[in-house]
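Have a look at the structure below before the remarks.
Number of protein chains: 2
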Amino acid sequence: MPEESFPAAPAAPARYDVVGVGNALVDVISHAGDEFIHHHELVKGSMTLVDTDRAVHLYAALGSAVEMSGGSAANTMCGVASLGGRAAYIGKVSGDDLGNVFGHDLRAVGVQFRPGTPDTDTPTGRCIIVVTPDAQRTMNTYLGVSSLLCVGDIDDETVAAGAVLYMEGYLYDRSEAKEAFRHAAGVAHKNSRMVSLTLSDSFCVDRHRDDFRALVTDEVDLLFGNEDELMSLYQVDSLDAAIARVRHDCALAVVTTGPAGCLVVTPDGVLRIAAEPVARVLDTTGAGDLFAAGFLYGYTRSMPLGECARIGSIAAAEVISHVGPRPLVELSTLLAETKG
Amino acid sequence: MPEESFPAAPAAPARYDVVGVGNALVDVISHAGDEFIHHHELVKGSMTLVDTDRAVHLYAALGSAVEMSGGSAANTMCGVASLGGRAAYIGKVSGDDLGNVFGHDLRAVGVQFRPGTPDTDTPTGRCIIVVTPDAQRTMNTYLGVSSLLCVGDIDDETVAAGAVLYMEGYLYDRSEAKEAFRHAAGVAHKNSRMVSLTLSDSFCVDRHRDDFRALVTDEVDLLFGNEDELMSLYQVDSLDAAIARVRHDCALAVVTTGPAGCLVVTPDGVLRIAAEPVARVLDTTGAGDLFAAGFLYGYTRSMPLGECARIGSIAAAEVISHVGPRPLVELSTLLAETKG
Chain R
6 MPEESFPAAP AAPARYDVVG VGNALVDVIS HAGDEFIHHH ELVKGSMTLV DTDRAVHLYA
66 ALGSAVEMSG GSAANTMCGV ASLGGRAAYI GKVSGDDLGN VFGHDLRAVG VQFRPGTPDT
126 DTPTGRCIIV VTPDAQRTMN TYLGVSSLLC VGDIDDETVA AGAVLYMEGY LYDRSEAKEA
186 FRHAAGVAHK NSRMVSLTLS DSFCVDRHRD DFRALVTDEV DLLFGNEDEL MSLYQVDSLD
246 AAIARVRHDC ALAVVTTGPA GCLVVTPDGV LRIAAEPVAR VLDTTGAGDL FAAGFLYGYT
306 RSMPLGECAR IGSIAAAEVI SHVGPRPLVE LSTLLAETKG
Chain Y
6 MPEESFPAAP AAPARYDVVG VGNALVDVIS HAGDEFIHHH ELVKGSMTLV DTDRAVHLYA
66 ALGSAVEMSG GSAANTMCGV ASLGGRAAYI GKVSGDDLGN VFGHDLRAVG VQFRPGTPDT
126 DTPTGRCIIV VTPDAQRTMN TYLGVSSLLC VGDIDDETVA AGAVLYMEGY LYDRSEAKEA
186 FRHAAGVAHK NSRMVSLTLS DSFCVDRHRD DFRALVTDEV DLLFGNEDEL MSLYQVDSLD
246 AAIARVRHDC ALAVVTTGPA GCLVVTPDGV LRIAAEPVAR VLDTTGAGDL FAAGFLYGYT
306 RSMPLGECAR IGSIAAAEVI SHVGPRPLVE LSTLLAETKG
């Protein structure tokens, strides 16, 4: 990002700690064995975009399922709220059952929901998640109306009122959404807010590498991603090389390394934080989303970076110890209990 | 029932062990404290029918929720299928998201679904379930299209092909549904099939006592109910008095007595069966439904009545040890493990 844009001017008091923008999806979660993954030629652990036919086919083949609200950035906003932070979310749903469910579940945990302008012809997006016995999730996303997000759906006032704007790489696909990201980042910076992005998926990065790289260079102050995503972004073979590059692009980068924890990268150096121990991993859905929630919660309270990462790790540990992408307990209570 | 109607004639081989008829509902499950129950003037542990306004109001007040297919008799049919039995289900849904979810979840476990004739103007029914920390569930049912079931929705061929017809008292409300029950029972008896009914809820029985009593006397061979429901049916103050009455009305009655187990009532006597021990009761939703599934599974295999009740108890124990109204493991596997 250009030096002069951060901070541009003294910021007004923020009404929200974080404003998220992402694909608004309801998760359809089902358990299956590895043979289901192989038979349907799925890539275990990845997210694949599917069209209507493929979504219908996969759903029909799947066992009985449970529906619960998901969406990467939306999960993160629920995590921020659960920690006691103030969060808003911008994402597109339809007026169907799943759209109502999605809105309800955000409001129920205190996240301000901005559903964008209505579009009645396209159903609410859904993500068919197959959880295998090793707790990995394989996601097949039918985006529906969620991917139609455009500049007109970005509520400038909400973006301006958030200390940090948090955008989800999954949504960075159609040109309208890319334009919406640029617009939202512009509004945030104009109001002296911080702009953050999660790379979401190495396939997403691969598909739009040049655009992602330009966005990161021009607009992103705080970048989230895992090792694969970061190496894909810079097309390098080592994490060290990727870190050298991202230090030049962003004021702050947080690289998750799975069970090993995470690296917090600043111009001053690299901080390594261990992951929280988890007794039994049941479903890794939402791990990265909740890590970002914890980090952002700490960051918007000006906590030391190590403490931000520790809170992220606690939030991630909670969500992978049960099925479902959002916390089942108040994270603020959990956090209070871990303070020695 | 009239002596001469059971069995009326040698029955043709049955394609299904059990054919269920009931309210096709998707459960919307959320956890809340006792203060939620008091504040909204709910009767803990009961099922209350709510109109659209009340359903919208309660849902808005509720925390984030999980959607999964439910409906009492539908849960029972899934239990029969999970035990390795052959089940079909007749119930009404709409072509909306929740209707699709409901149909999917039945088919996914191998239950033949007969959704009745389409009705596009009324949404699929849903049951808002509040689970309190004591594992009790308080149900608020918005019936939607499910309650519009009428004679035209009963697939005679399916009913004729089931060894046992199983009807759910919850549905026995509108006169069209009452007529459908009589019709289905007539088809079953004409084909030398057994007719069973679950009383479902003491409030249901209270609202339609005379009609219920006539149905039990005229048509029901096998009656399921708990103590309260049975005493309400006969308007007596003691279980013994109720048992004396039901022995006269039905060839077989199974009275569940919660953690104490159940009583199997025949003209010859009363058999008392203990409940299976459960390490930790998490959500009692579906307990009675799965008990009936286990009993019917055993009964349609001509097992001794005590063994039927024991299988019912095993199936009920599985479903109350987790959240959700349907088994999470293959009950056939569970059953095989319990055989010493």
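Residue numbers (our numbering), protein chains in the order written: chain R, 6 to 345; chain Y, 6 to 345.
A virtual CB, placed ideally from N, CA and C, is assigned to each residue, including glycine.
Checklist entry - Cβ of Cys255(R) versus every heavy atom of the ligand GDP: is any distance shorter than 7 Å? => result The model depicted lacks the ligand GDP and carries no ligand whatsoever.
Item to check | From Ser337(Y), Ala314(Y), Thr343(Y), Gly25(Y), residue whose alpha carbon lies closest to that of Ala165(Y) | outcome: What you label residue 165(Y) is simply residue 160 of the second sequence in a count that begins at 1. Among Ser337(Y), Ala314(Y), Thr343(Y), Gly25(Y), the Cα nearest to that of Ala165(Y) belongs to Gly25(Y).
Item to check | Any alpha helix (DSSP H) of 4 or more consecutive residues that is wholly inside the segment 174 to 225 of chain Y | outcome: 180 to 195, 207 to 212, 214 to 224
Item to check | Same chain, Cβ closer than 8 Å to His327(Y), neighbours up to 5 away in sequence not counted | outcome: Your numbering for residue 327(Y) matches position 322 in the second sequence. Excluding positions up to five away in sequence, the list reads Leu287, Asp288, Leu333.
Item to check | Within 9 Å of chain Y by C-beta, residues of the segment 69 to 80 of chain R in sequence order | outcome: Ser69, Ala70, Val71, Glu72, Met73, Ser74
Checklist entry - For Glu72(Y), does the three-state DSSP call read helix, strand or coil? => result Walking along the second sequence from the start, residue 72(Y) turns up at place 67. Strand, per DSSP.
Next on the checklist: Tell me the rounded alpha-carbon separation between Cys313(Y) and Phe296(Y).
Outcome noted: The count along the second sequence starts at 1 and reaches residue 313(Y) at position 308. The count along the second sequence starts at 1 and reaches residue 296(Y) at position 291. Using only the alpha carbons, I get a separation of about 9 Å.
Item to check | Euclidean distance between Cα positions of Gly291(R) and Leu228(R) | outcome: The sequence position of residue 291(R) within the first sequence is 286, counting from 1. The sequence position of residue 228(R) within the first sequence is 223, counting from 1. Their backbone Cα atoms lie some 18 Å apart in a straight line.
Next on the checklist: Can you check which of these residues, Val150(R), Leu202(R), Ala190(R), is closest to Arg179(R) by C-alpha distance?
Outcome noted: Along the first sequence, read from residue 1 onward, the residue named residue 179(R) stands at position 174. Residue Val150(R) is the option with its Cα nearest to Arg179(R).
Item to check | Proximal chain R residues relative to Val106(Y), where beta-carbon distance stays under 7 Å | outcome: Working through the second sequence from its first residue, we reach residue 106(Y) at position 101. What Val106(Y) touches in chain R: Glu72.
Next on the checklist: Distance cutoff 8 Å, beta carbons only. Does His62(Y) sit that close to anything in chain R?
Outcome noted: Translated into the one-based positions of the second sequence, residue 62(Y) becomes position 57. Not an interface residue.
Next on the checklist: Would the segment 30 to 48 of chain R count as touching the segment 135 to 145 of chain R if we require 3 or more Cβ pairs under 8 Å?
Outcome noted: yes
Checklist entry - Taking the Cβ atom as the reference point for each residue, do Met52(R) and Met144(R) lie within a distance shorter than 8 Å? => result In the first sequence, residue 52(R) corresponds to position 47, counting from 1. In the first sequence, residue 144(R) corresponds to position 139, counting from 1. Cβ distance < 8 Å, so Met52(R) and Met144(R) count as in contact.
Checklist entry - How should Ser69(R) be labelled, buried or exposed, when 16 other C-beta atoms within 10 angstroms of its C-beta is the threshold for buried? => result To locate residue 69(R), count along the first sequence from 1; it is residue 64. So Ser69(R) counts as buried.
Item to check | Residues bridged to Ile4(Y) [DSSP beta-bridge criterion] | outcome: Only positions 6 to 345 of chain Y appear in this structure, which leaves residue 4(Y) out of reach.
Checklist entry - Taking buried to mean at least 16 other C-beta atoms within 10 Å of its own C-beta, is Lys344(R) buried or exposed? => result Here residue 344(R) is taken as the residue at index 339 of the first sequence, counted from 1. Exposed, by the Cβ-count rule.
Item to check | Identity of the residues DSSP links to Ala166(Y) by a beta bridge | outcome: Position 161 of the second sequence, counted from the first residue, corresponds to residue 166(Y). According to DSSP, Ala166(Y) bridges with nothing at all.
Checklist entry - Unbroken beta strand (DSSP E) runs of length 3 or more, entirely within the segment 69 to 144 of chain Y: which are they? => result 71 to 74, 92 to 95, 117 to 119, 130 to 136
Item to check | Buried/exposed call for Glu162(Y), threshold 16 Cβ in 10 Å | outcome: Here the question's residue 162(Y) lines up with position 157 in the second sequence. When all chains shown are included, Glu162(Y) counts as exposed.
Next on the checklist: Relative to the C-alpha of Ala79(R), which candidate in Asp22(R), Val116(R), Val259(R) has its C-alpha closest?
Outcome noted: As a position in the first sequence, residue 79(R) is number 74, starting the count at 1. Among Asp22(R), Val116(R), Val259(R), the Cα nearest to that of Ala79(R) is on Val116(R).
Next on the checklist: So if I threshold CB-CB distances at 8 Å, which residues from the segment 320 to 345 of chain Y count as touching chain R?
Outcome noted: Gly329, Arg331
Checklist entry - Asn231(Y) bridges to which residues according to DSSP? => result As a position in the second sequence, residue 231(Y) is number 226, starting the count at 1. According to DSSP, which records beta bridges pairwise, Asn231(Y) is partnered with Thr261(Y).
Next on the checklist: List, in chain order, every chain R residue whose beta-carbon is nearer than 8 Å to that of Val114(Y).
Outcome noted: Position 109 of the second sequence, counted from the start, is the residue given in the question as residue 114(Y). By Cβ distance, chain R contributes Gly68, Ser69.
Checklist entry - If we count the other Cβ atoms within 10 Å of its Cβ and call it buried at 16 or more, is Glu9(Y) buried or exposed? => result Here residue 9(Y) is taken as the residue at index 4 of the second sequence, counted from 1. Its pLDDT being 41, under 50, Glu9(Y) is placed unreliably by the model, and nothing is read from it.
Next on the checklist: Taking the straight line between their C-alpha atoms, what separation do you get for Val324(Y) and Arg285(Y)?
Outcome noted: Counting from one through the second sequence, the residue named residue 324(Y) turns up at place 319. Counting from one through the second sequence, the residue named residue 285(Y) turns up at place 280. Taking the straight line joining both Cα atoms gives about 11 Å.
Next on the checklist: Measuring alpha carbon to alpha carbon, tell me which residue in Ile248(Y), Ala279(Y), Ala16(Y) is nearest Val270(Y).
Outcome noted: Residue mapping note: residue 270(Y) aligns to position 265 of the second sequence, counting from 1. It is Ile248(Y) whose Cα lies nearest to the Cα of Val270(Y).
Checklist entry - Looking at the structure shown, is Ile34(Y) part of a helix, part of a strand, or coil, going by DSSP? => result Residue 34(Y) sits at position 29 when you count from the first residue of the second sequence. DSSP places Ile34(Y) in strand when its eight states are reduced to three.
Checklist entry - Using a beta-carbon distance below 8 Å, is His109(Y) in contact with chain R? => result Against the second sequence, residue 109(Y) aligns to sequence position 104. With 8 Å as the cut-off, His109(Y) counts as an interface residue toward chain R.
Checklist entry - Quick one: is Asp124(R) near chain B, going by C-beta distance under 8 Å? => result Any reference to chain B falls outside this structure, whose protein chains are R and Y.
Item to check | Members of the segment 207 to 223 of chain Y near chain R, C-beta cut-off 9 Å | outcome: none
Item to check | Nearest neighbour of Ser201(Y), chosen from Leu176(Y), Val169(Y), Tyr64(Y) [CA to CA] | outcome: For the purposes of this step, residue 201(Y) is taken as the residue at position 196 of the second sequence. The candidate whose alpha carbon is nearest that of Ser201(Y) is Val169(Y).
Checklist entry - Does the beta carbon of Leu103(Y) come closer than 8 Å to any beta carbon on chain R? => result Sequence index remark: in the second sequence, residue 103(Y) carries index 98 (1-based). So yes, Leu103(Y) belongs to the interface.
Item to check | Separation of Thr127(R) from Tyr177(R), as counted between CA atoms | outcome: Your numbering for residue 177(R) matches position 172 in the first sequence. Your numbering for residue 127(R) matches position 122 in the first sequence. Looking at the two C-alpha atoms, the distance is approximately 19 Å.
Checklist entry - Gly27(R): which of Arg214(R), Gly90(R), Phe107(R), Ala60(R) sits nearest, CA to CA? => result Sequence index remark: in the first sequence, residue 27(R) carries index 22 (1-based). Ranking Arg214(R), Gly90(R), Phe107(R), Ala60(R) by Cα distance to Gly27(R) puts Phe107(R) first.
Checklist entry - Does the beta-carbon distance from Val260(R) to Asn231(R) come in below 8 Å? => result Residue mapping note: residue 260(R) aligns to position 255 of the first sequence, counting from 1. Residue mapping note: residue 231(R) aligns to position 226 of the first sequence, counting from 1. For Val260(R) and Asn231(R), yes; Cβs fall inside 8 Å.
Item to check | At least three beta-carbon pairs within less than 8 Å, the segment 230 to 245 of chain Y to the segment 204 to 211 of chain Y | outcome: yes
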